[in-house]
Amino acid sequence: MKTSKIHLVVGLVSILLWVAGDAKAQSKSKPDAFAQNQRLGRGVNILGYDPIWRSREQGRFKVEYFQKLKAAGFNSVRINLHAFRQMDATNSWAIKPSWFEVLDWAVNEAQAQGLAVILDLHEFTPMGNDPSGNKEKFLAFWRRMAAHYQNAPATVFFELLNEPFDKLTPELWNEYFAEALGIIRKTNPTRTVIVGPGQWNQIDRLVELKLPESDRNLIVTVHFYEPFAFTHQGASWTDRKDKLGFDWKGSPEEVAALNRAFDRAQAWSKANKRPLFLGEFGAYDRGPMDSRMHWTAAVARAAESRGWSWAYWQFDSDFILYDVKREAWVEPILNALIPKSPTR
Ligand code: BGC
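Put into structure tokens, the structure is as follows:
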């Protein structure tokens, strides 16, 4: 009787130890989304509109830019992926190996410099115009990406889709992203995934975002381009193309409007216990440089003071941070993003 009791106790204790050990192992392998968000820190959007995807020789982004970014004080890059045209409908939506070669190069070189990497599906236009017509491709993209990067380190993040809009309504987006996340979780149970609200990842649409309660390894992204008349003055792809001459000087009213918007996001983040990533913000090149500088610095500091990570829009092309022709930083923008310190 006595020995069987002892056996029972020993058995129970070992089960308890095993369960505790297993839970510990699991919590070790599943990163904390808030800690992951800190690793993103200060970032920049890269490669979205680079000819490198068509041919390596025509690429504008050079390998040494990863090192320059790191040395300037950046912690991460958000790689904007236009992958749909690289997928083969006749072969279960296989993605071209030449495209993966470019992406692997970028991921490896960024990681070699200690930069975290966000893989951001940037096919928001086809997804917004015809969600159901592109759904299969969208899910296939994530099935293939998830398989390709399943062994990548935790500093590689997946961002499900940039700025859902138009026909991809916030309600529909909740369904679509949940499906994509389910596919990703089969091969990447511990990958940190980034997802944002509908209607251009706007702060005021956070309330409609329905996240799976049990998946805590998510970072939520928002974009900020307010006041739009200022940040998009002269932008040909918007209704502001002929409207110039807007300033942003950081007046108390301007700063208060920025803080009000960010406080709304912060309240959502606190109530839902989800970390926030400001994945895009920037003011287009045709605005006055001193105003762009003030606005960029104010937005970056407003994000940082709330514990958010951020990524500036964008390194090259327009809104630029780095002038590829002159091989030089656009200093006022760089200094606005990363204030000068004794080490820089
Ligand atoms: C788009 C760019 C655009 C930027 C600012 C991005 O998400 O991909 O084409 O310039 O937003 O409007």
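Position in the sequence shown (first residue = 1) + 1 = this note's numbering. Glycine included, every Cβ here is placed at the ideal spot set by N, Cα and C.
Here the distance from the Cβ of GLY74 to the nearest heavy atom of ligand 1 is not below 7 Å. The secondary-structure analysis by DSSP pairs ASP121 across a beta bridge with ASN81 and GLU160. The beta strand (DSSP E) runs lying completely inside the segment 196-222 and spanning 3 residues or more number zero.
In the three-state scheme derived from DSSP, where H, G and I count as helix and E and B as strand, ASN273 is classed as helix. Excluding its 5 nearest sequence neighbours in each direction, LEU210 has C-beta neighbours in its own chain below 6 Å: PRO198, listed in chain order. A residue is called buried when at least 16 other Cβ atoms come within 10 angstroms of its Cβ; PRO132 meets this threshold and is buried.
In this structure PRO276 is buried. Its beta-carbon is surrounded by 16 or more other beta-carbon atoms within 10 angstroms. Taking the CA atoms as reference points, ASN109 sits about 43 Å from SER252.
DSSP places ARG145 in the helix class (H, G or I) of the three-state scheme. Burial state of THR222 is buried, judged by a 10 Å Cβ sphere holding 16 or more other Cβ atoms. Taking 7 Å as the cut-off, the C-beta of GLU160 does not count as close to any heavy atom of ligand 1. Short note on GLU164: C-beta closer than 7 Å to some heavy atom of ligand 1.
In the structure shown, ILE339 adopts coil according to DSSP, grouped into three states.
Here HIS123 is actually not in contact with ASN76; their C-beta atoms are around 21 Å apart, not less than 8 Å. By DSSP's assignment, GLU281 forms a beta bridge with HIS224. The closest heavy atom of ligand 1 lies less than 7 Å from the beta carbon of GLY49. Going by C-alpha positions, TRP249 is about 7 Å away from GLU255.
Of the heavy atoms belonging to ligand 1, none sits nearer than 7 Å to the Cβ of HIS83.
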